[in-house]
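Position one of the sequence shown corresponds to residue 1 (full-length UniProt numbering), numbered consecutively onward.
Glycine included, every Cβ here is placed at the ideal spot set by N, Cα and C.
In this text the structure is predicted, and so the values were computed from the model without any measurement.
Take a look at the structure set out below.
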Amino acid sequence: MESSNSPSRTSHNSGRAGQLLPVQSAPLQSNSAVVSHEASHVSMQPRAPRSLQGLLKYAMEATQAQDAPGNADLRMDEERRQFLEEALRSLTVNVTEVLDNAIKVLTNSVKMNDIKMEDQLPDEVKNSFTVLLDHVDNIDVANDFHKMGGFAMFPICYSSKNAEIRERASAVLGTLCQNNPYCQTRALECGLLHVLLNLVQTEQGHTLTKCLYAISCSTREFEPACRELIAQGGCSTLVAVLSAPEPAAKTKAAFLIRYFCQHYPEAKKQFIKQNIVTIIIAKIQENRDESTEHLLSILQVLVTSNDATVLKQCREPRSNLKNILENHLSRPELSDDRFTEEKEYCQDVLLHVFGSTVNNQAIR
C-alpha cells in the first residue's frame with residue numbers, strides 16, 4: 001500500500017551505472033589455520049547469506065572451515081575453487097551495459113509503435129522494463145539512467161496504444177522518482193506530470209493505478225511538483241478518481257488527497273469546493289472496500305482542521321453522516337484488529353462533528 005509507499009531509497013556507489021556490482025567475497029586464504037578455541041570458532045562463522053553472491057561466498061567459507069580442523073595441510077579442491085569463483089564472476093553485473101541495452105529497446109520508436117493495443121509485449125520489451133525496475137530503485141543508478149538519456153523512453157511509451165506499455169512505464173517512472181529530488185526535478189522539467197494528469201482521466205484498471213503511483217512518487221515531498229499539480233487542476237482530477245470502480249486506484253488517489261490536505265491549504269480549499277465531503281460520505285454508505293479506510297482518513301483530516309465549511313456539510317441532516325458512520329462501525333468485519341485505524345477514523349469524525357462516539361462494546 002502506498003500509505004507506506006515511501007520506502008527509503010538506497011544510494012551506494014556500488015550501484016552506480018558504469019561500475020561492476022562488487023561481490024563481497026574475501027580472498028581465498030590458506031586452510032592451515034586451526035581454530036583453537038570454541039568461542040573463537042563461533043565468532044568466525046560466516047554471516048547468513050542474503051543473496052546469490054552471499055550464498056556462494058558462504059559456501060566457499062564454509063568449505064574452508066570444514067577442511068581446516070580435519071587436516072591443516074588439506075586445501076580446497078582446485079576444481080571446486082574455480083567453479084565457485086567463476087560463479088561469483090558470472091553474477092557480477094555491468095549496470096551501465098544493462099541500462100543502455102534497455103534504453104535502446106524502449107526508445108526504438110519504430111518497434112515500440114508497431115506494438116498494437118491488443119498485442120502481447122515482445123520478450124525483449126518486457127525484459128527491458130523488468131531490468132530497469134531491478135536497478136533504478138537505487139538513487140545513483142536512477143540518476144545515471146536519466147543522464148544516459150533514459151527519460152526519452154517516456155514520450156514513446158506514454159503515446160503507445162498498448163496499455164501494458166503505459167502501465168510498465170509508470171512503474172519505472174514512479175520507482176525513479178520516489179524519494180529522489182533529482183529525478184522528480186527532471187520529470188517535472190520534461191512535462192511528465194502534465195502527461196500523467198491527462199492520462200489519469202482516461203486510464204482504467206491496473207494502468208490507472210500505476211499512473212496514480214507515478215503521480216504520487218513524482219510529487220510527494222517535492223514542493224515544485226506539488227504546486228504544479230495544484231496549478232494544473234490536478235485536485236479535481238484526483239477527486240474524480242474517487243468514483244472509479246477500482247479500489248486500488250481509489251486508494252492511491254485518496255492517499256494523495258490526504259497528503260495534499262495536510263500540507264497545502266490551497267489544495268484543501270479546492271478539494272472542498274469539489275464537494276469531496278459529499279463524495280466521501282456517499283462512497284462510505286455505498287459499500288466497503290480497501291479504499292474505505294483512506295476515504296475516512298481524508299474526512300478525519302478535514303474535520304480535525306475545524307474548517308467551518310466542512311463541519312457544516314458534515315452536519316447537514318440530509319448527509320445522514322452520523323448514522324452512516326455508526327452503521328459502518330457495526331460491520332462485523334471491523335471487529336478484526338486489522339481495521340483498528342479505520343475504526344479510529346470513524347470515532348474521530350463522530351467526536352469532532354457531533355461530539356459523540358460509539359462505545360467499544362457497540363463496535364464489537
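Asked	Found
At least three beta-carbon pairs within less than 8 Å, the segment 269 to 285 to the segment 237 to 253	yes
Beta-carbon separation (whole angstroms), T96 vs M153, contact threshold 8 Å	In fact, because the Cβ distance is near 16 Å, the residues do not count as touching under 8 Å.
Three-state secondary structure assigned by DSSP to N127	helix
Stretch-stretch touch, CB-based, cutoff 8 Å, three pairs: the segment 113 to 128 with the segment 79 to 86	no
DSSP-derived helix/strand/coil call for N320	coil
Residue from A142, T340, F260, C190 with nearest C-alpha to L302	F260
Check whether K252 and A244 have beta carbons under 7 Å apart	no
Contact check, L295 vs K283, beta carbons under 7 Å	yes
Boundaries (first-last residue) of the alpha helix (DSSP H) holding Y259	247 to 263
Nearest residue (CA-CA) to E324, options T219, P155, T278, E167	Sequence check: residue 324 is Ile here, not Glu. Residue T278 is the option with its Cα nearest to I324.
Local conformation of Y345 per DSSP, three classes	helix
Simplified DSSP assignment, three categories, for N287	coil
Contact check, C211 vs L196, beta carbons under 7 Å	yes
Assumed close pair S109, I156 - CB separation to whole angstroms, cut-off 8 Å	5 Å
Contact between the segment 110 to 121 and the segment 158 to 177 (3+ Cβ pairs under 8 Å)	yes
V98 versus A169: straight-line alpha-carbon distance, rounded	17 Å
Start-to-end residues for the alpha helix (DSSP H) that takes in N143	139 to 147
Backbone CA spacing between G205 and S216 [nearest angstrom]	17 Å
Sub-7 Å separation of Q300 and Y264 beta-carbons	no
Rounded straight-line distance, which links the Cα of I280 to that of S330	19 Å
Limits of the unbroken alpha helix (DSSP H) element including L121	Run containing L121: none; DSSP gives neither H nor E here.
Opening and closing residue of the alpha helix (DSSP H) in which C226 lies	223 to 231
Between the CA atoms of E290 and L176 - distance to the nearest angstrom	27 Å
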